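Colleague: Shown below is the structure under consideration.
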Amino acid sequence: MTNILVTGGAGYIGSHACKALKAAGYMPVTYDNLITGWVDAVKFGPFEQGDLNDRERLDQVFAAYQPAAVMHFAGLSQVGESTRIPETYWQTNVCGSLTLMQAAVTAGCLDFVFSSTCATYGDQDNVVLDETCVQMPINPYASSKRAIEDMLRDFEAAHGLRHVIFRYFNVAGADPEAEVGEQHQPETHLVPLMLDALDGTRGALTIFGTDYDTPDGTCIRDYVHVCDLVDAHILGLKWLEDSKPSRVFNLGTGDGFSVREVIAQAGHVTNRDVPVIEGPRREGDCTKLVSGSTRAEAELGWTPTRSSMAQMIGDAWRWHQSGHFEK
Ligand code: UFG
């Protein structure tokens with residue numbers, strides 16, 4: 009069986025990717041330091057604990073498993089936090105990715121799938137956000153992701169490290185079988201916080217900003233189901249296996265939902281009202297991020313099948329009710 013090194017395989021998206029890899033006939037090898045990940049989420053292949061900045065440990069793992077490719081999910085991903093401690097984002101995301109890429113090149117593992125973000129586009133009014141769009145990050149998290157994209161291009165030119173870069177829009181939902189799901193500590197994402205507010209696990213959901221230049225004053229995002237998202241990664245892996253050129257793909261549906269619209273949908277799906285309070289804007293948030301590209305559909309043959317808002321909230325709700333990972 010072909011081994012794939014999955015950094016961040018104990019995290020939300022990484023664990024779903026491991027399940028998809030296993031189902032596609034690969035062996036996912038999780039490499040994770042468990043700072044934000046959960047050992048219970050590693051269910052589909054071997055686990056190797058380690059840090060991205062630990063070159064010696066990475067070399068050991070590459071030597072032991074001889075992976076055919078790397079899927080790189082590990083990293084810090086909170087926009088607000090990144091504005092307070094940018095140094096940690098550059099150290100973990102940028103320096104860590106650099107160390108990982110150096111280890112991959114040394115090991116001769118030259119196919120690399122990277123999770124980047126639509127946040128690298130920044131706040132661009134009336135601009136269609138496709139892959140050719142200029143990247144203008146407005147927070148350190150997004151700057152760190154753009155820097156890694158730049159490193160990948162330089163590593164390809166110098167060392168032949170080929171890549172597929174996915175720029176995610178907002179990932180939501182959970183494995184429909186609820187084997188894995190979304191859980192962060194602390195939780196900062198809209199959908200899980202909303203579900204906590206719905207079932208009373210925590211207090212009312214705060215809407216971060218109601219004075220944005222959008223129809224209802226709240227931020228607009230393009231939500232994509234985590235299972236659809238990881239399906240694209242399998243296609244990305246096959247793209248590299250087929251020796252196709254390095255490529256960047258947006259992963260979003262092209263449909264934008266405001267925070268208030270997401271809350272209203274959750275009310276319909278669960279038949280309960282989400283308690284909300286209106287608060288100030290959160291630093292670093294873009295007004296609107298909606299994909300304007302169909303490149304992933306056209307070139308990769310990606311077809312999102314679960315990304316309706318009702319399906320995403322329904323799957324997240326099932327996971328939310330069925331249990332959580334223990335530290
Ligand atoms: N929001 C609230 N209240 C909350 C939490 C979130 O109103 O308690 C709002 C945010 O302000 C934002 C929207 O809900 O407008 C979505 O927020 P999330 O925190 O769920 O997601 P982000 O858009 O901030 O960020 C996510 C990922 C990033 C990625 C980004 C791209 O965490 O990694 O999507 O948009 F880069």
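Residue numbering for the sequence shown follows the working numbering, starting at 9 and increasing by one per position.
Every residue gets a Cβ at the ideal spot worked out from N, C-alpha and C, and that includes glycine.
Model, not experiment: these values are computed from the prediction.
Exposed or buried, what is residue 181 when buried is set at 16 or more other beta-carbons lying within 10 Å of its beta-carbon?
Modeller: buried
Colleague: Can we count residue 215 as close to the ligand UFG, meaning its CB is less than 7 Å from some heavy atom?
Modeller: yes
Colleague: Give the DSSP-derived three-state secondary structure of residue 77 in the structure shown.
Modeller: strand
Colleague: List the residues that DSSP assigns as beta-bridge partners of residue 299.
Modeller: As computed with DSSP, residue 299 is found in a beta bridge with 137.
Colleague: Do residue 25 and the ligand UFG come close, with the Cβ less than 7 Å from some heavy atom?
Modeller: no
Colleague: Are there three or more Cβ pairs, one per stretch, closer than 8 Å when the segment 11-23 is compared with the segment 31-45?
Modeller: yes
Colleague: Let me check you understand the geometry: is the CB of residue 238 closer than 7 Å to at least one non-hydrogen atom of the ligand UFG?
Modeller: no
Colleague: I'd like to check one pair, residue 309 with residue 136: are the Cβ atoms closer than 8 Å?
Modeller: Result no, Cβ atoms of residue 136 and residue 309 do not sit closer than 8 Å.
Colleague: Reducing DSSP to helix, strand and coil, say where residue 222 ends up.
Modeller: Correct three-state label for residue 222: coil.
Colleague: Would you say residue 222 touches the ligand UFG, meaning its beta carbon is less than 7 Å from a heavy atom?
Modeller: Every heavy atom of the ligand UFG is 7 Å or more from the Cβ of residue 222, so no.
Colleague: Closest by CA to residue 230, which one among 250, 208, 260?
Modeller: 260
Colleague: May I ask you to report which of helix, strand or coil DSSP gives residue 94?
Modeller: helix
Colleague: Thinking residue 56 and residue 47 are a contact (beta carbons under 8 Å), I'd like their distance in whole angstroms, please.
Modeller: No, residue 56 and residue 47 are not in contact; Cβ-Cβ is about 12 Å, not under 8 Å.
Colleague: Could you tell me whether the segment 258-273 touches the segment 181-194, where touching means 3 or more Cβ pairs closer than 8 Å?
Modeller: no
Colleague: Taking all protein chains shown into account, do 16 or more other C-beta atoms lie within 10 angstroms of the C-beta of residue 191, making it buried, or fewer, making it exposed?
Modeller: So residue 191 ends up on the buried side.
Colleague: Classify residue 143: buried if its beta carbon has 16 or more other beta carbons within 10 angstroms, exposed otherwise.
Modeller: Burial state of residue 143 is buried, judged by a 10 Å Cβ sphere holding 16 or more other Cβ atoms.
Colleague: For residue 54, which three-state DSSP category applies?
Modeller: Of the three classes helix, strand and coil, the one that applies to residue 54 here is coil, per DSSP.
Colleague: For residue 155, I'd like the list of residues in its chain whose CB is within less than 6 Å of its CB, leaving aside the five on either flank, ordered along the chain.
Modeller: 102
Colleague: Along the chain, which unbroken stretches of the beta strand (DSSP E) at least 3 residues long are found entirely within the segment 218-281?
Modeller: 231-233, 255-259
Colleague: I need the straight-line Cα distance from residue 210 to residue 96, nearest angstrom please.
Modeller: 28 Å
Colleague: Whose C-beta lies closer than 6 Å to the C-beta of residue 82 among residues of the same chain, with five residues either side of it excluded?
Modeller: 15, 16, 60
Colleague: Using 10 angstroms around the beta-carbon of residue 21, count the other beta-carbons present and answer buried if the total reaches 16, otherwise exposed.
Modeller: By the 10 Å Cβ count, residue 21 comes out buried.
Colleague: On the DSSP bridge assignment, give the partners of residue 171 in chain order.
Modeller: 120
Colleague: Can you find a heavy atom of the ligand UFG that lies under 7 Å from the Cβ of residue 141?
Modeller: no
Colleague: From the DSSP output, read off the bridge partner residues of residue 286.
Modeller: Residue 286 pairs with 215.
Colleague: How should residue 317 be labelled, buried or exposed, when 16 other C-beta atoms within 10 angstroms of its C-beta is the threshold for buried?
Modeller: Buried is the call here.
Colleague: When every heavy atom of the ligand UFG is checked, does at least one fall within less than 7 Å of the C-beta of residue 103?
Modeller: no
Colleague: For residue 6, which residues does DSSP report across the bridge?
Modeller: This structure gives no information on residue 6, because the portion of the chain shown stretches from 9 to 335.
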